[in-house]
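Undergrad: First, the structure itself, so that you have it in front of you.
Numbering (our numbering), first residue to last: 424 to 605.
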């Protein structure tokens, strides 16, 4: 079954596709709950069965697609940015590789999740008090921030607000992408 899933996925993937995941682990469940999202992680498909991502504990790195496929219970979603020439996608991919080795922004992610949680329980005034500016290190990224930043290189705008507050689900539901596989 895993082989069939991988074959089907590889038949539709093209370089530059967005790969989103949902897993049964507690961190994924928490992120999905707080952000009202179906997915909790996002990465970019580089081609040749390779993915670039920013992952807690690793930072920005390249991994084989099997790392996603071999993880029990992981659901994979694929989206493709609309109306982008392939040469522009390669600009994004080349740009993304410049960040390999950058650290994961756990502090920034915790701050953003805190704001989402406060908003979720209805304390909008506290969200405003916490401010709208990212206070974390601008040289570090969490997953959706990294992907949005890479695509900003070619002026792709997934959301109207600051990309330091973007979620994987916002990117998946954005008007600039087509859902390819879910």
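Ideal Cβ placement from N, Cα and C applies to all residues, glycine included.
1. If you scan the stretch 457-511 from start to end, which runs of the alpha helix (DSSP H) of 4 or more residues do you find wholly inside it?
2. Specify, as a first and last residue, the run of the alpha helix (DSSP H) that residue 604 falls within.
3. How far does the alpha helix (DSSP H) with residue 591 in it reach, from first residue to last?
4. Compute the Euclidean distance between the alpha carbons of residue 495 and residue 444, then round it to the nearest angstrom.
5. Tell me, please, which residues DSSP counts as bridged to residue 443.
6. Would residue 515 and residue 569 be called neighbours here (beta carbons separated by less than 8 Å)?
7. Which of the three DSSP states, helix, strand or coil, is assigned to residue 555?
8. Residue 503: buried (16+ other C-beta within 10 angstroms of its C-beta) or exposed?
9. Specify, as a first and last residue, the run of the alpha helix (DSSP H) that residue 571 falls within.
TA: Walking through what the data contain:
1. 489-492
2. Following the DSSP letters along the chain, one finds residue 604 in no alpha helix (DSSP H) but inside the beta strand (DSSP E) bounded by residues 600-604.
3. 591-595
4. 12 Å
5. DSSP output for residue 443 lists 465 and 500 as bridge partner(s).
6. no
7. Unreliable placement is indicated for residue 555, whose pLDDT of 49 sits below 50; the coordinate value is still reported in the next sentence. It is coil, neither helix nor strand.
8. buried
9. 566-575
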